[in-house]
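With UniProt numbering, the residue at position 146 of the sequence shown is 146, and numbering never jumps. Cβ coordinates follow ideal geometry from the N, Cα and C atoms, glycine included. What you are looking at is a predicted structure, and each value in this text was computed from that prediction instead of being measured.
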Amino acid sequence: MTCTYFDKEGNKVWIEQIPDSSIQTPTFTAEQLMATHSKVKSGADFPSYIKEIKAMGVTHYETYVNDGHINYYGENNYVAKVPAKYETMTIAENSNMEVFKAELLAHQHGKTDFLTFIKMCAETGIEKWDVCMDKMTCTYYDKEGNEILVEEIPQN
């Protein structure tokens with residue numbers, strides 16, 4: 001992008017190059033994020049995963065339960081998109097927070113694998129979750145965009 005300066009008579013006197021701040025400079029790639037995510041075997045691995053991707057420059061991300069695609073966000077509006085991971089699932093119309101909380105706790109203690117957790121999310125009406133690195137929270141949403149649960153991510 002350039003900026004052109006003119007004198008009073010309309011003569012071009014100077015052309016200046018202006019850096020384009022909208023150009024996304026990747027600090028992480030979808031491939032790096034997929035490799036890091038592949039280490040997560042259960043909810044017990046989640047805090048170390050968050051610590052690792054935060055160090056890569058991820059500011060927050062959204063995981064969609066219906067097909068597993070994830071949008072990772074960084075500085076300067078940078079986005080890395082990880083494509084769908086599995087066949088499309090139907091998300092239940094109504095959320096069941098009590099069952100979701102109980103199953104989430106089991107997953108966090110390593111009692112279920114990731115795909116089992118995803119199926120449970122779909123069955124209990126969870127459409128997506130959003131992880132915010134600044135707040136170190138994970139927020140679960142239903143199909144209407146309502147917050148179902150906000151959790152603090154352990155930082156040990």
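Residues of its chain near residue i, where Cβ-Cβ distance is below 8 angstroms and the 5 sequence neighbours each way are ignored
| i | result |
| --- | --- |
| V58 | F28, L33, Y72, Y73, G74 and M133 |
| E93 | G125 and K143 |
| Y141 | I126, E127, K128, W129, D130, E147 and I148 |
One or two residues paired with residue i in a DSSP bridge
| i | result |
| --- | --- |
| T59 | DSSP lists no partner for T59. |
| E151 | C138 |
| D7 | Beta-bridge pairing links D7 to no other residue. |
| I70 | T63 and V82 |
Cβ pair residue i, residue j closer than 8 angstroms
| i | j | result |
| --- | --- | --- |
| I126 | I148 | yes |
| K143 | I91 | yes |
| D67 | Y49 | no |
| E103 | M120 | yes |
| A30 | A80 | yes |
| L65 | A122 | Reading the sequence as shown, one finds Val at residue 65 and not Leu. The answer is yes: Cβ separation under 8 angstroms. |
Cutoff 6 angstroms; reference residue i; Cβ partners in own chain excluding five residues on either side
| i | result |
| --- | --- |
| Q108 | G43 |
| M97 | I148 |
| D130 | E62 and T139 |
| V150 | T137 and T139 |
| F117 | H107 |
Residue interval of the beta strand (DSSP E) (run including residue i)
| i | result |
| --- | --- |
| V131 | K128 to C132 |
Boundaries of the alpha helix (DSSP H) in which residue i is found, first to last residue
| i | result |
| --- | --- |
| A31 | Rather than Ala, the amino acid found at residue 31 in this sequence is Glu. Where E31 is concerned, the enclosing alpha helix (DSSP H) stretches over A30 to H37. |
| K101 | M97 to Q108 |
| M90 | Rather than Met, the amino acid found at residue 90 in this sequence is Thr. Here T90 belongs to no alpha helix (DSSP H), and DSSP marks it neither H nor E. |
| N122 | Looking at the sequence itself, residue 122 is Ala, so the reference to Asn does not match. That run of the alpha helix (DSSP H) goes F114 to E123. |
Cutoff 7 angstroms; reference residue i; Cβ partners in own chain excluding five residues on either side
| i | result |
| --- | --- |
| T36 | Y49, E52 and I53 |
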